[in-house]
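A short write-up of the structure that comes next.
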Amino acid sequence: SQQGEEDPQALSIQEGENATMNCSYKTSINNLQWYRQNSGRGLVHLILIRSNEREKHSGRLRVTLDTSKKSSSLLITASRAADTASYFCATIQGAQKLVFGQGTRLTINP
Amino acid sequence: NAGVMQNPRHLVRRRGQEARLRCSPMKGHSHVYWYRQLPEEGLKFMVYLQKENIIDESGMPKERFSAEFPKEGPSILRIQQVVRGDSAAYFCASSPDRGTEKLFFGSGTQLSVL
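Chains U and Y, in that order, give the protein sequences.
Per my numbering: the first sequence = residues 106 to 215.
Per my numbering: the second sequence = residues 69 to 182.
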């Protein structure tokens, strides 16, 4: 079963606008990760937020975590065409494996 | 420092043939993960290996699929007697140690079964 579920499934915005993607998960976590996948490529790690953190920043990325609601959000500010990609949240299931959600397909229109 | 290397990049097989997908982890990484991705979907975990050991194969189909990570050489994902439903992108990822706090992914192998 999917541990993380992203919302929305697809998002299309204008360049310069902010993009917000959400992720919900089901079980307790130690950390939650966000990855980006450009079309036809492998995933690239963006940011990790630990369960005792509420917010984390990295450049134009801002991630929040609400463990009481079992949800996280990824905000990309001042979007660029190069941000067009699929974004996945991931959590550790069991002791070993990283499980990904279905992803949000983000399109930035020039 | 080369990243995770997967080959071939594209693999075409006819039904019933065998597919062998290779993954060389990043230098110094001893943990390898294989994932499968269908179009417009997320990555589905298949198997987690350390050198010479299968740690978690809960995502592997019970038949036709096998994986290994020998002491020397790349990790191999082997699919015997391929069927059209095996067509997908297969991604390998590696990490330096247990904990999966950050995985490094290869560019994937696109398997097409005719």
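Glycine is no exception: its CB is placed at the ideal position from the N, C-alpha and C atoms.
Cutoff 8 angstroms: residue i Cβ touching any chain U Cβ
{"i": "F113(Y)", "result": "yes"}
{"i": "L171(Y)", "result": "yes"}
{"i": "D165(Y)", "result": "no"}
{"i": "S92(Y)", "result": "no"}
{"i": "Y116(Y)", "result": "yes"}
{"i": "G96(Y)", "result": "no"}
{"i": "S175(Y)", "result": "yes"}
{"i": "I144(Y)", "result": "no"}
{"i": "D154(Y)", "result": "no"}
{"i": "I147(Y)", "result": "no"}
{"i": "G84(Y)", "result": "no"}
Cutoff 7 angstroms; reference residue i; Cβ partners in own chain excluding five residues on either side
{"i": "Q119(U)", "result": "N214"}
{"i": "P113(U)", "result": "T209"}
{"i": "K119(Y)", "result": "S98, F137 and K139"}
{"i": "T189(U)", "result": "L211, T212 and I213"}
Contacts around residue i, its chain only, beta-carbon distance under 6 angstroms, and the 5 residues preceding and following it disregarded
{"i": "S180(Y)", "result": "V80 and S155"}
{"i": "R82(Y)", "result": "L182"}
Proximity winner among the options, relative to residue i (alpha-carbon distances)
{"i": "N157(U)", "options": "Q201(U), S177(U), V149(U) and G145(U)", "result": "S177(U)"}
{"i": "D165(Y)", "options": "G84(Y), M73(Y) and M94(Y)", "result": "M94(Y)"}
{"i": "G199(U)", "options": "E109(Y), G127(Y), C160(Y) and R104(Y)", "result": "G127(Y)"}
{"i": "L166(U)", "options": "I134(U), V204(U), R185(U) and I197(U)", "result": "R185(U)"}
{"i": "G153(Y)", "options": "N75(Y), P107(Y) and Q74(Y)", "result": "P107(Y)"}
{"i": "A187(U)", "options": "K174(U), S129(U) and N143(U)", "result": "N143(U)"}
{"i": "R146(U)", "options": "E169(Y), C160(Y), N121(Y) and K170(Y)", "result": "C160(Y)"}
{"i": "S129(U)", "options": "K175(U), G121(U) and L153(U)", "result": "K175(U)"}
{"i": "G84(Y)", "options": "K130(Y), A157(Y), V150(Y) and S143(Y)", "result": "V150(Y)"}
{"i": "E109(Y)", "options": "T125(U), H150(U) and E111(U)", "result": "E111(U)"}
{"i": "P129(Y)", "options": "I122(Y), I147(Y), F173(Y) and S143(Y)", "result": "I147(Y)"}
{"i": "L297(U)", "options": "T212(U), Q207(U) and Y140(U)", "result": "Shown here, chain U extends from 106 to 215; a query on residue 297(U) therefore has no answer."}
{"i": "K202(U)", "options": "F172(Y), R90(Y) and Y116(Y)", "result": "Y116(Y)"}
{"i": "G71(Y)", "options": "E125(Y), V100(Y), L111(Y) and A135(Y)", "result": "V100(Y)"}
{"i": "F205(U)", "options": "E160(U), V149(U), N123(U) and A183(U)", "result": "V149(U)"}
Residue i at chain Y interface by Cβ criterion, 8 angstroms
{"i": "K202(U)", "result": "yes"}
{"i": "N136(U)", "result": "yes"}
{"i": "R146(U)", "result": "yes"}
{"i": "G164(U)", "result": "no"}
{"i": "L151(U)", "result": "no"}
{"i": "G121(U)", "result": "no"}
Same chain only: Cβ atoms within 8 angstroms of residue i, ignoring 5 sequence neighbours per side
{"i": "R77(Y)", "result": "S175, G176, T177 and Q178"}
{"i": "S106(U)", "result": "With a pLDDT of only 36 at S106(U), under 50, the local geometry of the prediction cannot be trusted, and no value is derived from it."}
{"i": "N135(U)", "result": "R155, S156 and I197"}
Cβ-Cβ distance between residue i and residue j below 8 angstroms
{"i": "C194(U)", "j": "L137(U)", "result": "yes"}
{"i": "M73(Y)", "j": "S92(Y)", "result": "yes"}
{"i": "I123(Y)", "j": "R90(Y)", "result": "no"}
{"i": "I197(U)", "j": "A124(U)", "result": "no"}
Chain C contact residues for residue i, given Cβ-Cβ distances below 8 angstroms
{"i": "F159(Y)", "result": "The chain labelled as chain C is not found among the protein chains of the depicted structure, namely U and Y."}
Residue i beta carbon near the ligand PLP (any heavy atom closer than 7 angstroms)
{"i": "E109(Y)", "result": "The model depicted lacks the ligand PLP and carries no ligand whatsoever."}
When you check each C-beta in the segment 119–143 of chain Y against every C-beta of chain U, which residues fall closer than 8 angstroms? I123, D124, S126 and G127
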